[in-house]
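Line by line, the protein sequences are chains X and W. Residue numbers are given in my numbering: position 106 of the first sequence equals residue 107, and the series is strictly consecutive. Residue numbers are given in my numbering: position 378 of the second sequence equals residue 673, and the series is strictly consecutive. Glycine is no exception: its CB is placed at the ideal position from the N, C-alpha and C atoms.
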Amino acid sequence: MITAAVLPGSGARPIGVRPEVRELLSAEFPAADEVWREYHGTTGDPARDRIFAVLLAGRIVSLARCRRHPDGLEVDGVFTPEDCRGRGYARMAMNALVVACHNDDLYMYAVESLAGFYAEFGFVSIPERDLPPGVRERYTWAAGNMEGAEVRPMFRRAGLF
Amino acid sequence: MNITEIQTAFVTDTRRIAIIAGLTVLSLGASLLAMVLGAPESLLPLPTLPLTIPIILAGYWYPRRGILFAACVALLYAVTTYILSPPDPLLAYTILPRAILLVLIGGVVAFLATRLRESEQQMNQIIEFLPDATFAIDREGKVIAWNRAIEEMTGVRKEAMLGRGGYAHAVPFYGEARPLLADRILQGDPEEGYPAVRRSGDVLVAEVYTPHLRNGRGAHIRFTATALLDRSGRVTGAIESIRDVTDEVMTAAALQNAGRQLNILTGILRTDLANRLAVLYGHLSVGAMKFDDPEILSFIDDLSDAANGIRRQLEISREFRDIGTSPPAWIPVQQAVRKAAATLSFGNVSFEAWTERLEIFADPHLATVFTHLFENALAPAVKAERIVVTYQVRPEGCAIIVEDDGTGIPDAEKEGLFAQKAESYGHGLFLAHEILAITGITIRETGTFGTGARFEILVPSEGYRVV
């Protein structure tokens, strides 16, 4: 079961409320961690991460993270709790991330089935060796077998779209 | 006297020699006594381990004589053991390596101690010749360094201060023993007693006025302090530098006063000019109604345009009035952007700002910078449909980027974009440039003509933080 994180001071009236898309403050990272608990236990680090969230009446309904490595920026943690899927929230979170971080080249390991989704934001498939070493570290265990890991290395050149 | 001597002040030379001699006699005597009384065969010749203790101590405390001392002890051990041990053809081969080992231990300890002393000496020299008045205290709050510059500032010699605790080092500044910033660091509450303390990385900075310096005439001083840490990160003391900033403060006050006077003067001139401009507008309105000759009406239009130019200049000078009068501060960029956007009408132009968590050290009129950038992008002639504000962390600092998808700026106009002028796209950009320059921030335009304008506000490394 997905535990919905609700930011302090928010009500719970999702019906008829327009989603808000914004970057989370450092103090709000624990709320994102709570949502990510079901997503490989991902946690945010204010020193390295920028987290973009879609909120509905204060509840986080989708997340996307941009992590700064010494040698490049990695997109990951794109996640929408199961009961919030199919409403375009992930697209909104990704759109925010790509605009906010468009000044830099972006790298990611996209889940194979979502490669088309990321292509909409200008991501293209690249060989794993073209990823910066800092980004590649996360999938060292796959030993280059991207198909086996069901992920695809992708890259987006800096620039607005 | 230096740091090392203060640290070992508890053990005087006499006591050290007594300790070394006592331990030597004890360990050597015990060996001899055991041999005289008859130690078990298996233990002969007796082990040299106890003798290493006085040798290590001697090598550490007296590195220059450490090896000589070790050689003497080794010789004494070898001779007495050889004489007193039961005859054995292999005895010499057993004793000799042990004696050599004792000399080696003494030599190694003496060598390491010498390197340590040299390193400490270098550190002392560095502190001693720092141009800023500097002192350091140990974990107990005792003064372990008091350099030449602080002697000159306070008139207190280092001999009178080294080794003293109980906040004695504060007396020259405050006339009483009270914790200074370095003491506050040890106590873990640096803000206590220094309401204006600010943190820059691991360094704490505070400015205060003290009436006791400059021969009782008083001085504005800036304290800069940081903790001294050991290899495991534990606080072992604190070091503090003190700079007399009286001249800077007086200059700043004088400049502020002069600025105030100029503001009053320009305010009077501006009011006077605005009144006369109102009269001119009145005459132009009457003229436009009175004449219907197209040539005269065209002439009146030209005059009206010139009057508008003067009015715009007056508006800019009014905005300039307050710039630099308030000290710079850490400003949340997103707030400044929102404040600027709230004063403008974006119509159909989409606007996105992605600068949450970013703070920059800037003049409080930062929002005015964004106002002018947005105003230019929103001008109908620019035909922008989208304005985006983002930031990018770079090796040299942080760039705040304001870009639009309008017509952009021709290359020929880029160079003089931030120069003072009344008309064209550059209206207000001079003002933006000046506001940013107060804290060393620069601005440039890097867009491509035809695809939109792109302004990069370049903040130096020390002038931004992501909170």
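Distance CB(residue i)-CB(residue j) smaller than 8 Å
| i | j | result |
| --- | --- | --- |
| L323 (chain W) | L363 (chain W) | no |
| V743 (chain W) | E751 (chain W) | In the sequence as presented, Val is not what sits at residue 743 (chain W); that position holds Thr. No, these two residues do not count as a Cβ contact at 8 Å. |
| A631 (chain W) | A672 (chain W) | no |
| L64 (chain X) | E21 (chain X) | no |
| A491 (chain W) | E535 (chain W) | no |
| L579 (chain W) | D539 (chain W) | no |
| F669 (chain W) | A624 (chain W) | no |
| G401 (chain W) | G354 (chain W) | yes |
| L161 (chain X) | V683 (chain W) | yes |
| A369 (chain W) | Y377 (chain W) | no |
| I704 (chain W) | A748 (chain W) | yes |
| M418 (chain W) | W441 (chain W) | no |
| G513 (chain W) | T521 (chain W) | no |
| K255 (chain W) | E446 (chain W) | It is not possible to answer for residue 255 (chain W), since the shown part of chain W is limited to 296 through 762. |
| R443 (chain W) | F424 (chain W) | yes |
| T449 (chain W) | R393 (chain W) | no |
| R92 (chain X) | C67 (chain X) | no |
| L481 (chain W) | V530 (chain W) | yes |
| H103 (chain X) | A159 (chain X) | yes |
| L592 (chain W) | A583 (chain W) | yes |
| G45 (chain X) | A28 (chain X) | no |
| G701 (chain W) | K678 (chain W) | yes |
Integer-rounded CB distance, given that residue j should sit under 8 Å from residue i
| i | j | result |
| --- | --- | --- |
| L74 (chain X) | L115 (chain X) | So it is not a contact: roughly 19 Å between Cβ atoms. |
| A365 (chain W) | I350 (chain W) | 5 Å |
| A408 (chain W) | G361 (chain W) | 7 Å |
| A111 (chain X) | M147 (chain X) | The pair is not a contact, with the Cβ atoms about 10 Å apart (cut-off 8 Å). |
| L98 (chain X) | F53 (chain X) | 5 Å |
| D72 (chain X) | P128 (chain X) | Rounded, the Cβ-Cβ distance is 17 Å, inconsistent with contact. |
| H667 (chain W) | A727 (chain W) | 5 Å |
| I626 (chain W) | G723 (chain W) | Rounded, the Cβ-Cβ distance is 19 Å, inconsistent with contact. |
| V152 (chain X) | E113 (chain X) | 6 Å |
| L352 (chain W) | I395 (chain W) | Actually they do not touch by this definition, with Cβ atoms about 20 Å apart. |
| E24 (chain X) | E651 (chain W) | 4 Å |
| V36 (chain X) | P82 (chain X) | 6 Å |
For residue i, the first and last residue of its enclosing alpha helix (DSSP H)
| i | result |
| --- | --- |
| F30 (chain X) | 30-37 |
| D478 (chain W) | 476-482 |
| S612 (chain W) | 589-615 |
| W356 (chain W) | 344-356 |
| H667 (chain W) | 661-673 |
| G701 (chain W) | Counting along the chain, G701 (chain W) falls outside any alpha helix (DSSP H), and DSSP gives it neither H nor E. |
| E543 (chain W) | 541-585 |
| H515 (chain W) | Segment 514-524 is the beta strand (DSSP E) holding H515 (chain W); no alpha helix (DSSP H) there. |
| E454 (chain W) | 453-456 |
| E447 (chain W) | 443-449 |
| V763 (chain W) | Beyond the ends of chain W as shown, which are 296 and 762, falls residue 763 (chain W); an answer cannot be given. |
| H103 (chain X) | Careful: H103 (chain X) lies outside any alpha helix (DSSP H) and carries neither H nor E. |
| S27 (chain X) | Unbroken run through S27 (chain X): none, as it is neither H nor E. |
| A116 (chain X) | 116-120 |
Beta strand (DSSP E) segment containing residue i, residue limits
| i | result |
| --- | --- |
| V762 (chain W) | Here V762 (chain W) belongs to no beta strand (DSSP E), and DSSP marks it neither H nor E. |
| R157 (chain X) | 152-157 |
| G73 (chain X) | 73-80 |
| V320 (chain W) | Careful: V320 (chain W) lies outside any beta strand (DSSP E), inside the alpha helix (DSSP H) at 308-332. |
| P755 (chain W) | 749-755 |
| E740 (chain W) | 737-740 |
| S495 (chain W) | 493-495 |
| E647 (chain W) | 645-648 |
| Y504 (chain W) | 498-505 |
| I52 (chain X) | 50-57 |
| V62 (chain X) | 60-70 |
Check: residue i C-beta below 7 Å from any heavy atom of the ligand FMN
| i | result |
| --- | --- |
| I314 (chain W) | For the structure depicted, the ligand FMN is absent and the ligand set is empty, with no information on it obtainable. |
Report the residues of the region 18-39 of chain X with a CB closer than 9 Å to any CB of chain W, ordered along the chain. R23, E24, L25, L26, S27
Below 8 Å between beta carbons is the criterion; list the residues of the region 639-655 of chain W that meet it against any residue of chain X, in chain order. Taking 8 Å as the upper bound on Cβ-Cβ separation, chain X lies near residues E647, W649, E651, R652 of the region 639-655 of chain W.
Residues from the region 670-687 of chain W in contact with chain X, defined by Cβ distance under 7 Å: V683, T685, Q687
Within 8 Å, do at least three Cβ pairs link the region 656-676 of chain W to the region 608-628 of chain W? yes
Short of 9 Å Cβ to Cβ, which residues in the region 395-411 of chain W face chain X? Of all residues in the region 395-411 of chain W, none has a Cβ within less than 9 Å of some Cβ in chain X.
Residues from the region 146-162 of chain X in contact with chain C, defined by Cβ distance under 7 Å: The chain labelled as chain C is not found among the protein chains of the depicted structure, namely X and W.
Please confirm if the region 444-464 of chain W is in contact with the region 423-430 of chain W, defined as three or more CB-CB distances below 8 Å between the two stretches. The region 444-464 of chain W makes contact with the region 423-430 of chain W: 3 or more CB pairs, one atom from each, lie closer than 8 Å.
Does the region 497-505 of chain W touch the region 516-535 of chain W, meaning 3 or more C-beta pairs lie closer than 8 Å? yes
Assess contact between the region 687-694 of chain W and the region 745-760 of chain W, defined as three or more Cβ pairs (one per stretch) separated by less than 8 Å. Is contact present? Enough Cβ pairs lie closer than 8 Å, so yes.
Can you list, in chain order, the residues of the region 602-636 of chain W whose Cβ is nearer than 9 Å to any Cβ on chain X? Q629
Listed from N- to C-terminal order along the chain, which residues in the region 89-111 of chain X have their beta-carbon within a distance smaller than 8 Å of any beta-carbon of chain W? A97, V100, A101, C102, H103, N104, D105
Using 8 Å as the Cβ pair cut-off and three pairs as the minimum, do the region 639-652 of chain W and the region 590-604 of chain W touch? No, because fewer than three Cβ pairs between the region 639-652 of chain W and the region 590-604 of chain W fall closer than 8 Å, the two stretches do not touch.
So, does the region 34-43 of chain X touch the region 77-86 of chain X, judging by three or more C-beta pairs under 8 Å? yes
Return the residues of the region 724-753 of chain W that lie within a Cβ-Cβ distance of less than 8 Å from chain X, sorted by chain order. Answer set for the region 724-753 of chain W: empty.
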